[in-house]
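In UniProt numbering, the protein residues as written are 1 to 74. Reviewing the structure listed below.
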């Protein structure tokens, strides 16, 4: 019985777990970033999910990198 319970819990854990996209992956793929930012803003994904937090962090990093590049070019 104990093994059956562990098997069922493991099945649900692996079936319903989402892949988490890292900040670096978002920074490398602008299309993916925009897609997830839209889903987070639209309510399709909860704004406090790790994937939304990573997307927002990647957006901030990209904005900061662009600002640094602009300032260093002057």
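Glycine included, each C-beta is placed from N, C-alpha and C at the ideal position.
| query | result |
| --- | --- |
| Pair within 8 Å by beta-carbon distance, residue 31 and residue 54 | no |
| Per-residue DSSP class, three states only, for residue 34 | helix |
| Beta-carbon proximity check, residue 20 vs residue 45, cutoff 8 Å | no |
| Local conformation of residue 41 per DSSP, three classes | helix |
| Integer Cβ distance of residue 57 from residue 37, believed to fall under 8 Å | Not confirmed; about 11 Å, so no contact. |
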